[in-house]
Amino acid sequence: LRILHKAFFLSIILIALTLSASAEPESAEASSSNFFLVYNAELGDLEITRKQARSLFTLKQSKWINGSSVQVISLNSTNKYHKQFVEQELNLFPYQVKRLWARQVFSSSAKKPIFSEDFESLIEHVARTKDAIGYITKDQLKAIDNDKIIVTRIK
Amino acid sequence: MTKLLLLGLSSLLLAEQVNAEDSIQVNGVVSAGYIATSDNNFIDKGGDGAFLTENLLRIVGEISPSIAWSGQIVYREAGDNYDDGVRIDFLQLDYTTNFFDTGEQRFTLGRYKNRQGLYNETRDVPFARPSILLPQSVYLDNTRNFLLNSDGLKLSSFHPFESGDFTLELAFGKSSFDDKFTDVTLTENADGDWESEHNYYFDLRWESQAWTVGFNYTDATVEFEPDAGAMIPFDTGFGIISIPLVNGAFDTEFTTVSIQHSRKEWEFTFEQIERKFETTGFLGTTGSASSSLDGYYLQARYFLTEEITLLARYDESNYKKLASADKGISEAEDKTFGISWNFLPDWQLNIEYHEVHGYAWLPPISKLTVPANSKKDWSITAVQISTRF
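Protein sequences, first through last, are from chains A and B. Count along the first sequence starting at 1, add 3, and that's the number in this note's numbering. Count along the second sequence starting at 1, add 116, and that's the number in this note's numbering.
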């Protein structure tokens, strides 16, 4: 009877795996990206590659090149733009980023992300936090104060 | 009292909710729950269950651009086999540098978290684990002291690539123990002092969107010196008698392999462990005996909606080289079904049911003595509500 149980469980997992494998893979072309990175102007000019952006936003890279600690500013995890940014720009699923944040924060010296309700407050946070990085869409480009914030594309 | 103090401290710090300009950051988790068992001494001696409380408070700050400090205290209550109260989960100094163009290398000194498998380093953090009770095959609660945290030096090297991130960790330290370590490894009502001879590990991890693959090897030796008059029950074959407990040691090796596949709505996890125990002394014999407690689990998670995650898991453990005719002692199977609901952004409710066959993971884990009145078929139901700041 226990062998039957085991077989039942294994088949559920196998069926699920097959079903999920047949689903369309999620991906987005980098060129059609709607997102820009924004970081505090005190950090100076930086070239941020896709793998660096992923390292920064998953809290795995804790330091900027000048040695200061990275402070991620993000929209709330439930915000649709946050989910789009994570999937399109970081090539991760939002639930993976949530778990990585919890893991990095509660087992190391990583700084917890600061959450913003909307882009307006995210931009404000980046402007007044000297080690901060966040993201915006092109609709916010006009609202950027270039003395305080540097806008860049992921390279 | 300590609970009140901790609560007071956390509310004070909360009141001073750290703003973006501050270089000191404070975060935490507050949770409450209950673990009910149908039988057996896994959670409590009476076999009924116990309240589960897991509160964490973490502080992180900077000394200089390359040196950071951080510490985390945990207040945890989890039944009779866990030593309730506040403990230092980690308290460390990090020196971070980069020897290569990308990535980071970090030297951590102090009490650090041991990485093992996908979940060990955050096993007491409700928001960083898939279920209230982790699969016991790989994350046995009664051996948590071997792997929870260590005092020493840890080196981490992180390398990002286009397709994923590679991390290597090497650690040289000593394990820290709680006061229930004798109960869960040897026998109840026998006191003595435990000392960690060493706790070394090496861990490799690849993390990409679709695949996470990990390998961990941990070598830990712990030594025991009994208090005068400490006794242990011993089965002579003709009946159980009490004999004096003598000095002893566990020399353990843990080898863990992890594979996780992630899709948009599904996540599949397989992890396997081989645990070798070389047991020397304790019973007055000079020789040593080896045993192993191996296991694996298969887990599927389905992200039904943004807030609701369903979990199904099959978990199996085997205790080998055990001179016992009773198969129940050497095996355990756990079928788990669970649901996790993030009903508000920083709130989570977990409910789960475990149908268990066998008692390989019941304390004492050395199986030098056998728990009385153990039932082969039993169940665990657990519920927990958690919030974080």
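Idealized CB from N, CA, C, for every residue including glycine.
In this chain, the beta strand (DSSP E) harbouring glutamine 464 of chain B covers 463 to 473.
DSSP places aspartate 299 of chain B inside the alpha helix (DSSP H), whose first and last residues are 297 to 301. By the rule that beta-carbons nearer than 8 angstroms mark a contact, arginine 174 of chain B touches chain A. Pairwise C-beta distances place the region 289 to 300 of chain B in contact with the region 196 to 211 of chain B, as three or more of them are shorter than 8 angstroms. Straight across, the Cα-Cα distance linking leucine 144 of chain A with leucine 263 of chain B is about 49 angstroms.
Between glutamine 74 of chain A and lysine 101 of chain A, the C-beta spacing is not below 8 angstroms. Annotated three-state conformation of isoleucine 189 of chain B is strand, per DSSP. Between the region 177 to 192 of chain B and the region 205 to 213 of chain B there are three or more inter-stretch CB-CB distances shorter than 8 angstroms, so the stretches are counted as touching. Within the region 175 to 263 of chain B, the complete beta strand (DSSP E) runs of at least 3 residues fall at 183 to 193, 201 to 213 and 220 to 229. Secondary structure of lysine 114 of chain A (DSSP, three-state): coil. If the five residues before and after isoleucine 179 of chain B are omitted, its C-beta is found closer than 8 angstroms to the C-beta atoms of Trp185 and Leu209, all from its own chain and listed in chain order.
For glycine 137 of chain A, none of the residues of chain B pass the 8 angstroms Cβ criterion, the least Cβ distance being about 11 angstroms. Counting C-beta atoms within 10 angstroms of its own C-beta, proline 461 of chain B has fewer than 16 neighbours from the protein chains shown and is therefore classed as exposed.
The Cβ of threonine 81 of chain A sits closer than 8 angstroms to at least one Cβ of chain B.
Of the residues B:Gly474, B:Asp205, B:Tyr333 and B:Ile467, the one whose Cα lies closest to the Cα of phenylalanine 288 of chain B is B:Tyr333.
In this structure, B:Leu234 is the residue among B:Asp335, B:Leu234, B:Thr238 and B:Ala498 with its C-alpha nearest to the C-alpha of threonine 385 of chain B. For glutamate 390 of chain B, no Cβ of chain A is located within less than 8 angstroms of the residue's own Cβ.
Boundaries of the beta strand (DSSP E) around phenylalanine 282 of chain B: 281 to 291. Exposure of lysine 436 of chain B is indicated by the presence of fewer than 16 other C-beta atoms within 10 angstroms of its C-beta.
In this model, alanine 346 of chain B and glycine 308 of chain B are separated by some 8 angstroms (Cα to Cα).
Counting only unbroken stretches of 3 or more residues, the beta strand (DSSP E) elements lying wholly within the region 49 to 129 of chain A are 74 to 78 and 117 to 119, in sequence order. Of the residues B:Phe354, B:Asp295, B:Ala344 and B:Asp351, the one whose Cα lies closest to the Cα of leucine 361 of chain B is B:Ala344. Contacts with chain A at 8 angstroms (Cβ-Cβ) do not include valine 202 of chain B. Annotation: serine 404 of chain B to phenylalanine 370 of chain B spans about 18 angstroms, alpha carbon to alpha carbon.
Nearest CB-CB separation between asparagine 315 of chain B and chain A: not below the 8 angstroms threshold. The beta carbon of proline 276 of chain B sits closer than 8 angstroms to some beta carbon of chain A.
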